[in-house]
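Q:
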Amino acid sequence: MTSPIHRLLKKQYTRLFREGRGSPFHMVRRLLRAISDTYRQEDEQRRVLERSLDIGSQEIAQRSAQIRSVFQMYPDAFLVVDASGVIVEATGAIGNPGAPTSWLDRPLAEFPNTDIGRRFSQAFLRVRENRTPATFEYSLAKGAEIAFHEARLRPLEEGHVLVVVRDVSEHRLALEALRTAEERFALAARAANDGLWDWDLPVNRIIYSPRWKTILGHTDEDIANTSNSWMDRVHPEDVEPLRRGLASLSEPGRDTLEMEYRIRHRDNSYRWVATRAIAVRNASGQTHRLVGSMTDITPHKAVEEQLRHEAFHDKVTGLANRALFLDRLTNILDRVKRQPGYLFSVLYVDLDRFSTINERVGHEAADRLLQTVAARLRSYARVGDTVARLGDDEFAVLLDGIANERAAVIFAERMRELIAAPVDLSPDEISVTASLGIAINSPETNDAETLLNEAESAMQRAKQTGKNRQELFNRETHAHLVSKLRIETELRHAAERGELEIFYQPIYRLSDQKIIRAESLLRWRHPQRGMISPADFIPVAEETGLILALGDWILREVSEQAKRWRQSGVAPLTIAVNFSPRQFQQQNLLTTVGATLARFKDSGFPLELEITESAAMHDVDLSVKIMKNLRDMDVRISIDDFGVGYSSLSCLRLFPLNTLKIDRGFVEGIPEVKDNSSITNAIIGIGHSLGLSVVAEGVETNEQLTYLKQQGCDEVQGFLLSRPLSAKDVTPRLPKASANGSDGTA
7 MTSPIHRLLK KQYTRLFREG RGSPFHMVRR LLRAISDTYR QEDEQRRVLE
57 RSLDIGSQEI AQRSAQIRSV FQMYPDAFLV VDASGVIVEA TGAIGNPGAP
107 TSWLDRPLAE FPNTDIGRRF SQAFLRVREN RTPATFEYSL AKGAEIAFHE
157 ARLRPLEEGH VLVVVRDVSE HRLALEALRT AEERFALAAR AANDGLWDWD
207 LPVNRIIYSP RWKTILGHTD EDIANTSNSW MDRVHPEDVE PLRRGLASLS
257 EPGRDTLEME YRIRHRDNSY RWVATRAIAV RNASGQTHRL VGSMTDITPH
307 KAVEEQLRHE AFHDKVTGLA NRALFLDRLT NILDRVKRQP GYLFSVLYVD
357 LDRFSTINER VGHEAADRLL QTVAARLRSY ARVGDTVARL GDDEFAVLLD
407 GIANERAAVI FAERMRELIA APVDLSPDEI SVTASLGIAI NSPETNDAET
457 LLNEAESAMQ RAKQTGKNRQ ELFNRETHAH LVSKLRIETE LRHAAERGEL
507 EIFYQPIYRL SDQKIIRAES LLRWRHPQRG MISPADFIPV AEETGLILAL
557 GDWILREVSE QAKRWRQSGV APLTIAVNFS PRQFQQQNLL TTVGATLARF
607 KDSGFPLELE ITESAAMHDV DLSVKIMKNL RDMDVRISID DFGVGYSSLS
657 CLRLFPLNTL KIDRGFVEGI PEVKDNSSIT NAIIGIGHSL GLSVVAEGVE
707 TNEQLTYLKQ QGCDEVQGFL LSRPLSAKDV TPRLPKASAN GSDGTA
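Per my numbering, the sequence shown starts with residue 7, numbered consecutively.
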């Protein structure tokens, strides 16, 4: 091929000799110059081309290096195989058996060894002939482990084939672990008692485990993987709460849910189940899946219901118990708040003499009696009323809605008649009566316990006034009972709190108006209510038995005071202590008094016990025995409030007494009131005839004092001469012992 320079020389030669201008020398010189210029121009073009080729080569090398770097970032090996099956390019990494570049110009049929290379060769032929990709896996020993690889072959131009080899060991292990986990999960799901579910929210598709379906009596084919398969079976009353609960899992911070509800079984019965759900959130924090379980808790609910029934019902009668009664009573009180003027009533029923009947017929028959009474109360109660057993023989009836108080009273009367009807307990026939208390709600009624207590208080009054009757609650009477209860509660701790104190009222000898004795009187100085009258708390103490503890305390305090007086120089004088009927009748009286007497003997002060006439006459023989023992212990005996009891002179003669005390009720009004004067005169005469000293209580006027002195009364006490005083205040009035040890009163 003619080069551009040859073409240029030929052109210049033809032109020179055709023109024929100038000498041959000049012609040659011009020719040479033209040739030189041509070569110079050609050299310049060549240099430009070489520079361009050099830049292109550098860019190609740089790009190739970048491509190799990119390929080296992948954990794959890239091989290019020519049409003859020889590896012409290799890059990347494949680990064993060496770097891919070591396989350049080597046949693919030997990669990575002849056994596996055979599979490469077969795949290579399929790809080249069919022009379609091919993939296969193979494994290689890698030390003590096995490495798994995946080979992918893709056709290229001119019969070449691209081979990509990837180490898939980790992926293979992960798949194996996932398969194992799935198998383990499937086994756990089949073995578990819970039914499992998985709800894909975006597509609204739920996968239910076989156990979930069998809980409802279905098989896999019976229930479709939709939310309706679940919600359509939920009890109508529970479906909305369940929907709201599941929907709440889309809220931030709500990731779990536990609910109990009813769901329909295949047999159309409803089963109680417990569902637990967990929210699965995506990267943006939105809930896209819910997964959870469902447990059949029907047996548990049945036991729970049985326990709830037992917790709120009486085992013997099947009636509501106290807790359920108060709960329903509270509900009605709430209704009254919405309906002012609504009236209802509570009846408190207590069987009379039930303990006696129980002892007579035995517990089993007594239970049958209670069951009969319960059935009668229930039969007469109206729809909406509540009948309850509160205790052993105590019942309550809640009359829900009455016209007036009279309606409740009539209802109570009818109930008493029903209860009183004979009961066949084979072989015995028993009749039992009942005392009923009736309480009607009022604007002041604000809680169930209060109303029930009011009915009970009325029942107690019915018992106290004769039994087998009913009483309507009276708030004034109840206030008095509450006051007594408060006194009892506070009185129990009054002594240890230092609220009790002994006052002493001097007793004067009428002949010379000298103090010869002092009567000890208990006083209660309350920290809030001040001085409480003995008339308010002594009867309560007597009724509750607190008088026994108070009596012991009084004896100890008086003996200690006597010792202090002796030490301060007070002449020994008799100290009188009041003994209540309950104290006088206690079995350990002599032991109690004996311990106190030991203290009194140390002080040298005589002790006198004042006993009421009624207490002495309760059991004359026992009283005589006790009094004689007391006299043997050097204790003086005084009959207090004489004249208000029913003692006869013959009985009075039997008592080893020292003193008679005329009740203040007879002293009052003398000498103007003739009857009082006559009785007072008679008592003075009786006392003197029996050799006793006579003391008049409650002397408040000079006329009374003069009259008693004229009638020969021995001693007096009263406000005229001295009120009861504290030990500190009475001490200066007491006689002082003389230097020779006498009492100074003679």
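Where a beta carbon is used, it is the ideal one built from N, C-alpha and C, also for glycine.
1. By the 10 Å Cβ neighbour count, where 16 or more other Cβ atoms means buried, how is N447 classified, buried or exposed?
2. Hey, could you find the ends of the alpha helix (DSSP H) S385 is sitting in?
3. Could you tell me which of S108, L159, L405, V438 sits nearest to L335, measuring between CA atoms?
4. If you draw a straight line from the alpha carbon of N102 to that of K148, how long is it in whole angstroms?
5. Examine the ligand ZN and report whether any of its heavy atoms sits within less than 8 Å of the Cβ of G123.
6. Report the partner residues of M537 according to the DSSP bridge assignment.
7. Closest by CA to R217, which one among T138, M300, I338, M421?
8. Could you give the first and the last residue of the continuous beta strand (DSSP E) run that contains D206?
9. Comparing C-alpha positions only, which one of A604, I493, V576 sits nearest to E549?
10. Checking 9 Å against the spacing of the C-beta atoms, do R535 and L506 come in under that value?
11. What does L85 pair with, by DSSP beta-bridge criteria?
12. Have a look at the DSSP bridge pairing and note the partners of L666.
13. What residue range is occupied by the uninterrupted beta strand (DSSP E) comprising K786?
14. Can you give, in chain order, each stretch of the alpha helix (DSSP H) that sits fully within the region 552-593 and has at least 4 residues?
15. Can you tell which of P113, S108, W109, G98 has its C-alpha closest to the C-alpha of S90?
16. For D627, which three-state DSSP category applies?
17. How would you write the range of the beta strand (DSSP E) that L613 sits in, first residue to last?
18. Measure the C-alpha to C-alpha separation of S233 and A308 and round it to an integer number of angstroms.
19. Excluding sequence positions up to five away, which residues of its chain have a Cβ less than 8 Å from the Cβ of S437?
20. Going straight from the alpha carbon of R729 to that of Q511, what length do you get?
21. Residue ranges of each beta strand (DSSP E) run of no fewer than 3 residues wholly in the region 458-495, ordered along the chain?
22. From Y348, V379, M265, pick the residue whose C-alpha is nearest to that of F360; which is it?
23. Out of curiosity, what's the CA-to-CA distance linking Q476 and V355?
24. Quick one: grab the DSSP three-state call for K734.
25. Rounding to the nearest angstrom, what Cα-Cα distance links Q292 and P139 in this structure?
26. Quick check on V322: does DSSP put it in helix, strand or coil?
27. Answer yes if the region 682-696 comes into contact with the region 658-671, meaning at least three C-beta pairs across the two stretches below 8 Å, and no otherwise.
28. Is it the case that the region 719-733 contacts the region 550-561, given that we only count it when at least three CB pairs across the two stretches are under 8 Å?
29. Please report the distance separating the alpha-carbon of Q573 from that of F479.
30. Should L613 and V630 be called a contact, given that it needs their Cβ atoms to be closer than 9 Å?
31. Can you find at least 3 beta carbon pairs, one from the region 390-404 and one from the region 328-342, that sit closer than 8 Å?
32. Do you know offhand how far F543's Cα is from T495's?
33. When we look at the beta-carbon of I213 and count the other beta-carbons within 10 Å, is it buried (16 or more) or exposed?
34. With H, G and I counted as helix, E and B as strand and the rest as coil, what does DSSP make of V286?
35. Is the distance from the Cβ of L207 to the Cβ of L296 below 9 Å?
36. Are S443 and F350 touching if we call contact CB-CB under 9 Å?
A: Let me spell this out:
1. buried
2. 369-386
3. L405
4. Bear in mind that the predicted position of N102 carries a pLDDT of just 45, short of 50, making it too unreliable to give a figure here.
5. The model on display carries no ligand, and the ligand ZN is accordingly not part of it.
6. R531
7. M300
8. 201-206
9. I493
10. no
11. A96, V169
12. I645, V700
13. The structure shown does not extend to residue 786, since the chain is modelled only from 7 through 752, so no value can be given for it.
14. 552-574, 587-590
15. P113
16. helix
17. 613-618
18. 28 Å
19. A426, A427, P428, V429
20. 6 Å
21. 476-478
22. V379
23. 9 Å
24. helix
25. 41 Å
26. coil
27. yes
28. no
29. 57 Å
30. no
31. yes
32. 11 Å
33. exposed
34. strand
35. yes
36. In the sequence as presented, Ser is not what sits at residue 443; that position holds Gly. For G443 and F350, no; Cβs fall outside 9 Å.
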